[in-house]
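Be aware that the sequence shown starts at 1322, since it is given in the working numbering, and climbs by one per residue.
C-beta atoms are modelled at their ideal positions from N, C-alpha and C, and glycine is treated no differently.
Working notes, beginning with the structure itself.
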Amino acid sequence: MITIHLPSSKSICNRVLLLNALSYSPYQINNLSDCDDTRVLLEVLDSDTNQFNIGTAGTAMRFLTAFLAKTYGEWHITGSERMLERPIKVLVDALNHLGAKIEYTGKEGFPPLHIFGSALQGGEYTIDGSISSQYISALMMVAPYMEKGLILHIEGQPVSEQYIRMTRSLMQYFGVKVEINGPHITIPPQEYTPQPITVENDWTAASYFYEYLAIKGNGQLFLPNLHKNSLQGDAQCATFFQSLGVNTSYKQEGVYITSHSHKSPRRYVRNLINQPDLAQTIAVTCCLKNIPFTLNGLQTLYIKETNRIAALINEMRKLGYILTSEQIGTLSWDGTRCLPDNCPTIETYNDHRMAMAFAPASLVYPNLQIKNHEVVSKSFPDFWTEYSKLC
């Protein structure tokens, strides 16, 4: 049986790095990811300069904005061309209201930022939860050091809500009290207690190997250090792929995934508001298994590394599938086909998840090529090494 070695969860790693810094932890993080996003955050936290370029690392931009706002000094933070197009106004407005001083040095509402770090007063604030859960997580993690603590009211339906729960769980592991009561989050002034921690592997990375088995139609793989009771919302991919032909067996050492014969659903319908990073994986899987689908809850995909909905529509057409997005946050395929390219070349748009989601398409399109395939280093540097085990 083939064993696939996945990276550790970058979502957990990035939060633990910040919590380690906030708690002045003497402990090293076990199973720390070596992906680009985590490496960038680690380099900034260990840096002795006050000017940072975080490239394409969106999580680092949001988490560091909050961290630097409470860290005495004067800071400048910028990023890649795409990063300067990704909005950050919701977070900056919240921090400024809570006592920070953050200025834009370019376009209003977008990086680059000039941050004057100081003690944050804190207090009560209402934030739009429908744009990015990372704004909320960033505020939560620095809240214990606000003079008045933080009472956060979330308006609208929060997207990627499981990441807010992940942040709460990790904060509690580091010894602080976090109360979530419906749309209200209360965090009193307090201090973190340093803790040793081992990071679990990444369920989102696992999804591409679920996709491989679903499309291939036979085989079994072992994925170590994945658990059913995970902090990660994308652990739901095990449930999502059950109806696409992949069974999951949970063991203490990890999970065994097996392709099984099944009757395909007439139409696959899923709300991914809490698992938006699985959208590309599921869309490609359904098309290549000839299963019409409707995915909704995809509001955040417009402001990811690329506009992922537009990217999927463009690239799936090269394989002969006409996808549509008739409403904001939705993506559908009704079975309509067109002539595929003879030698389809997939554009990744500098998006790691585009590269990984289209890799299993080579099972159906052997001539398929993926441009800028090394972009996977953002979250899974060894992806192609692990994927080559399947060839």
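What are the start and end residues of the beta strand (DSSP E) that includes residue i?
| i | result |
| --- | --- |
| Lys1572 | 1567 to 1572 |
| Phe1562 | No beta strand (DSSP E) contains Phe1562, which DSSP labels as neither H nor E. |
| Ser1580 | 1575 to 1580 |
| Arg1336 | Careful: Arg1336 lies outside any beta strand (DSSP E), inside the alpha helix (DSSP H) at 1331 to 1343. |
| Thr1426 | Note, Thr1426: premise wrong, no beta strand (DSSP E); not H, not E. |
| Pro1545 | 1541 to 1545 |
| Val1590 | 1589 to 1592 |
| His1435 | 1434 to 1438 |
| Gly1316 | Absent from the model: residue 1316. The displayed extent of the chain is 1322 to 1712, so no value can be given. |
Given a threshold of 16 other Cβ atoms within 10 Å of its Cβ, counted over all protein chains shown, does residue i qualify as buried or as exposed?
| i | result |
| --- | --- |
| Met1322 | exposed |
| Tyr1393 | exposed |
| Tyr1571 | exposed |
| His1673 | buried |
| Ser1580 | buried |
| Ile1649 | exposed |
| Val1567 | buried |
| Ser1709 | exposed |
| Thr1669 | buried |
| Gly1443 | buried |
| Thr1602 | buried |
Work out the CA separation of residue j and residue i for me, nearest whole Å.
| i | j | result |
| --- | --- | --- |
| Tyr1484 | Asp1598 | 12 angstroms |
| Met1675 | Asp1555 | 17 angstroms |
| Glu1574 | Ile1452 | 36 angstroms |
| Arg1383 | Ser1582 | 44 angstroms |
| Met1404 | Thr1380 | 11 angstroms |
| Lys1584 | Leu1652 | 23 angstroms |
| Gln1511 | Asp1358 | 29 angstroms |
| Phe1561 | Ala1440 | 44 angstroms |
| Thr1514 | Asp1414 | 29 angstroms |
| Ala1631 | Lys1391 | 37 angstroms |
| Ser1698 | Cys1356 | 6 angstroms |
| Glu1500 | Asp1449 | 19 angstroms |
| Pro1665 | His1694 | 14 angstroms |
| Glu1636 | Asp1703 | 24 angstroms |
Give me, in chain order, the residues of the same chain whose beta-carbon lies closer than 8 angstroms to that of residue i; leave out the 5 immediate sequence neighbours on both sides.
| i | result |
| --- | --- |
| Ala1387 | Leu1412, Leu1416, Ala1459, Leu1460, Met1462, Val1463 |
| Leu1491 | Ile1333, Arg1336, Val1337, Leu1340, Leu1552 |
| Tyr1348 | Asn1341, Pro1515, Gln1516, Pro1517, Ile1518 |
| Pro1479 | Gly1450, Ser1451, Ser1454, Ile1457, Ile1485, Pro1504 |
Can you tell me where the alpha helix (DSSP H) with residue i in it begins and where it stops?
| i | result |
| --- | --- |
| His1418 | 1410 to 1418 |
| Asp1357 | 1357 to 1366 |
| Gly1708 | The sequence shown places Tyr at residue 1708, rather than the Gly named in the question. Where Tyr1708 is concerned, the enclosing alpha helix (DSSP H) stretches over 1704 to 1708. |
Quick one: what's got a C-beta closer than 6 angstroms to residue i's C-beta in the same chain, skipping five residues either side?
| i | result |
| --- | --- |
| Ala1526 | Leu1327, Pro1328, Phe1701 |
| Asn1374 | Thr1399 |
| Thr1569 | Ala1559, Val1576, Ile1578 |
| Gly1420 | Leu1441, Gln1442 |
Just to check, is the beta-carbon of residue i closer than 7 angstroms to a non-hydrogen atom of the ligand NAP?
| i | result |
| --- | --- |
| Ser1330 | This structure does not include the ligand NAP; it has no bound ligands of any sort. |
Within a Cβ cutoff of 7 angstroms, which residues of the same chain sit near residue i, ignoring the five residues on either side of it in sequence?
| i | result |
| --- | --- |
| Asp1523 | Leu1327, Pro1328, Ser1329, Ser1330, Lys1331 |
| Ile1714 | Outside the displayed span of the chain (1322 to 1712) sits residue 1714, for which this structure offers no information. |
| Val1361 | Ile1375, Gly1376, Ala1378, Ala1381 |
* To do: Report the residue ranges of all alpha helix (DSSP H) runs contained in full by the region 1607 to 1687; include only those spanning at least 4 residues, in chain order.
  => Those alpha helix (DSSP H) runs which fall completely within the region 1607 to 1687 and span 4+ residues are 1629 to 1639, 1673 to 1679.
* Kindly provide the ranges of any alpha helix (DSSP H) runs that are 4 or more residues long and lie completely inside the region 1464 to 1535, ordered along the chain. => 1482 to 1494
* **Segments of 4+ residues assigned as alpha helix (DSSP H) that fall wholly inside the region 1366 to 1402** => Here the runs fully enclosed are 1379 to 1390.
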